[in-house]
Amino acid sequence: MKPVYYLGMMSGTSLDGVDVVLADLRATTPLLLGTCYCPYNDDLREALLLLHQPGYDELHRAAMLSNQLSRLYAKATADLLEKTGVLAAQIVAIGCHGQTIRHCPEPEKRYTIQLVNAALLAELTGITVVADLRSRDIAAGGQGAPLVPAFHEAVFKSSSRHRVIVNIGGIANITNLDPYHAITGFDCGPGNSLMDAWCLQHTGRNYDQNGQWAATGRVIPDLLDALLSAPFFAQIPPKSTGRDLFNLRWLEDKLQFSEESLEDVQATLLQLTVISIAQAIDMHCLGAEEVYVELTQKV
Numbered sequence: 022m023k024p025v026y027y028l029g030m031m032s033g034t035s036l037d038g039v040d041v042v043l044a045d046l047r048a049t050t051p052l053l054l055g056t057c058y059c060p061y062n063d064d065l066r067e068a069l070l071l072l073h074q075p076g077y078d079e080l081h082r083a084a085m086l087s088n089q090l091s092r093l094y095a096k097a098t099a100d101l102l103e104k105t106g107v108l109a110a111q112i113v114a115i116g117c118h119g120q121t122i123r124h125c126p127e128p129e130k131r132y133t134i135q136l137v138n139a140a141l142l143a144e145l146t147g148i149t150v151v152a153d154l155r156s157r158d159i160a161a162g163g164q165g166a167p168l169v170p171a172f173h174e175a176v177f178k179s180s181s182r183h184r185v186i187v188n189i190g191g192i193a194n195i196t197n198l199d200p201y202h203a204i205t206g207f208d209c210g211p212g213n214s215l216m217d218a219w220c221l222q223h224t225g226r227n228y229d230q231n232g233q234w235a236a237t238g239r240v241i242p243d244l245l246d247a248l249l250s251a252p253f254f255a256q257i258p259p260k261s262t263g264r265d266l267f268n269l270r271w272l273e274d275k276l277q278f279s280e281e282s283l284e285d286v287q288a289t290l291l292q293l294t295v296i297s298i299a300q301a302i303d304m305h306c307l308g309a310e311e312v313y314v315e316l317t318q319k320v
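For the sequence shown, counting from 1, position 290 maps to 311 in the numbering used here; every step adds exactly one.
In structure tokens, the structure reads:
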């Protein structure tokens, strides 16, 4: 049977960079042929973070960043094709998520914005590009997130075992693979985004490598309870979230008039991620027999 090659690109809420995967989809289970990772530099990451909040000349900055990202994605594509020896003409299409800068699935608003110039990416690579992957689901009344459950179903679903897949990136999400019920997926809260933001603000580092800083602190019970009191955690799925909700402004509001040590706050943010995931599994994945965890690798 002739190979059916596709490229998939993902840059998530961690704002680390873009992952590109080449897969042969001729069979039911995807065959991985190669991967490539292109990190974001500090200037690009900072520019993207600034677009997560209102600011000056947003439309122009967003358009310019879409072009910059598309050129980076094109370079990643070229690097991966060279690495694997596959020609652009052999690729059926690129599935490109783009970079989320706003995500608001609330019924009275309903929109999501990902930056990518799909037309430019198609011109630079010579490959058909499929983009804007979330908007149709939101228009139909869905959340537009998370995207990964369809992949989890294809790769991890069992005919007899109830599995849960936990994906921890900037935001943590869960796929519930119950063999006897419809597949579901939802965001369960912050993954590493709050820890990364706190670490950058107070240490100048983009992330807490191996959790070393958090390990020097102690969990603050009152702060943890205050964070877990956010209505999102009690919300029934389907649900999704992002930096629009879980950001430093939200955290600092909980910290008003507090004199807690910086490392204790970091340890508490780590515990928030752990507890919110565990509670989501307990509440919404009843009878789960196996839990698998996917982690964003920091470089």
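Where is the CB? At the ideal position from N, CA and C, for every residue including glycine. It should be emphasised that the depicted structure is a prediction, and the values quoted were computed from it without experimental measurement.
Inset, instruction - Report buried or exposed for E79, applying the criterion of at least 16 other Cβ atoms within 10 angstroms of its Cβ. - result: exposed
Inset, instruction - Decide yes or no for the touch test of the segment 179-191 against the segment 204-216: beta carbon pairs closer than 8 Å, at least 3 of them. - result: yes
Legend entry - Residue from I257, P24, F253 and G162 whose Cα sits closest to the Cα of W271: F253
Inset, instruction - Would you check if the distance between the CB atom of Q135 and the CB atom of L69 is smaller than 9 Å? - result: Cβ distance not < 9 Å, so Q135 and L69 don't count as in contact.
Inset, instruction - Could you tell me which of G162, V185 and A160 sits nearest to V169, measuring between CA atoms? - result: V185
Legend entry - Collapsed DSSP secondary structure at V320 in the structure displayed: Residue placement at V320 is poorly supported in this model, since its pLDDT is 49, which falls under 50; the coordinates still yield a value, given next. Correct three-state label for V320: coil.
Legend entry - Euclidean distance between Cα positions of T224 and S282: T224 and S282 have their C-alpha atoms roughly 13 Å apart.
Inset, instruction - Answer yes or no: do A114 and V137 have a C-beta to C-beta separation smaller than 9 Å? - result: Cβ distance not < 9 Å, so A114 and V137 don't count as in contact.
Inset, instruction - Give the DSSP-derived three-state secondary structure of E280 in the structure shown. - result: coil
Legend entry - Identity of the residue in S297, V107 and I302 nearest L248 by Cα: S297
Legend entry - CB of L316 within 9 Å of CB of M216, strictly: No; because the gap between Cβ atoms is not below 9 Å, this pair is not in contact.
Legend entry - Residue nearest to L142 in terms of C-alpha spacing, selected from V314, E174, E129 and S87: Comparing Cα-Cα distances from L142 to each of V314, E174, E129 and S87, the minimum goes to S87.
Inset, instruction - Kindly indicate which three-state DSSP category D229 falls into: helix, strand or coil? - result: Residue state, collapsed to three classes: coil.
Inset, instruction - Indicate whether V42 and G55 have their beta-carbon atoms separated by less than 9 Å. - result: Yes, the Cβ-Cβ distance between V42 and G55 is below 9 Å.
Inset, instruction - Over the uninterrupted beta strand (DSSP E) stretch that includes F267, give me the two end residues. - result: Note, F267: premise wrong, no beta strand (DSSP E); not H, not E.
Legend entry - Spatial neighbours of T105 in its chain, beta-carbon cut-off 8 Å, leaving aside the 5 residues before and after: L43, L54 and G55
Inset, instruction - Please check the pair T205 and P258, which I expect to be a contact at CB under 8 Å, by giving their CB distance rounded to whole angstroms. - result: 6 Å
Legend entry - Own chain residues within Cβ distance below 6 Å of A218, not counting five before or after: L269
Inset, instruction - Output the boundary residues of the alpha helix (DSSP H) element that contains Y94. - result: E79 to T105
Legend entry - Residues bridged to N188 (per DSSP): N194 and E315
Inset, instruction - Check whether the Cβ atoms of I241 and D274 sit closer than 9 Å, and answer yes or no. - result: No, the pair does not count as a contact, with Cβ atoms beyond the cut-off.
Inset, instruction - May I ask you to report which of helix, strand or coil DSSP gives I204? - result: coil
Legend entry - Separation of E280 from H173, as counted between CA atoms: 43 Å
Legend entry - Backbone secondary structure at A334 - three-state DSSP: For the chain, the structure presents residues 22 to 320; residue 334 sits outside this window and is missing.
Legend entry - Among I302, I112 and Y228, the one whose alpha carbon lies nearest that of L46: I112
Legend entry - Best match in G263, Q292 and L52 for proximity to D246 [C-alpha to C-alpha]: Q292
Legend entry - Rounded straight-line distance, which links the Cα of C57 to that of D303: 35 Å
Inset, instruction - Let me know the secondary structure DSSP gives R66 once reduced to three states. - result: Looking at R66 - three-state DSSP - the assignment turns out to be helix.
Inset, instruction - Excluding the 5 residues preceding and the 5 following G308 in the sequence, name in chain order all residues of the same chain whose CB lies nearer than 7 Å to its CB. - result: These residues qualify, in order along the chain: H183.
Inset, instruction - Can you tell me which of the three DSSP states Q164 falls into? - result: coil
Inset, instruction - Take L108 and list the residues in its own chain whose beta-carbon comes closer than 8 Å to its own, dropping the five residues that flank it on each side. - result: Leaving aside the five residues that flank L108 on each side, the residues in its chain whose CB is nearer than 8 Å to its CB run, in chain order, L102.
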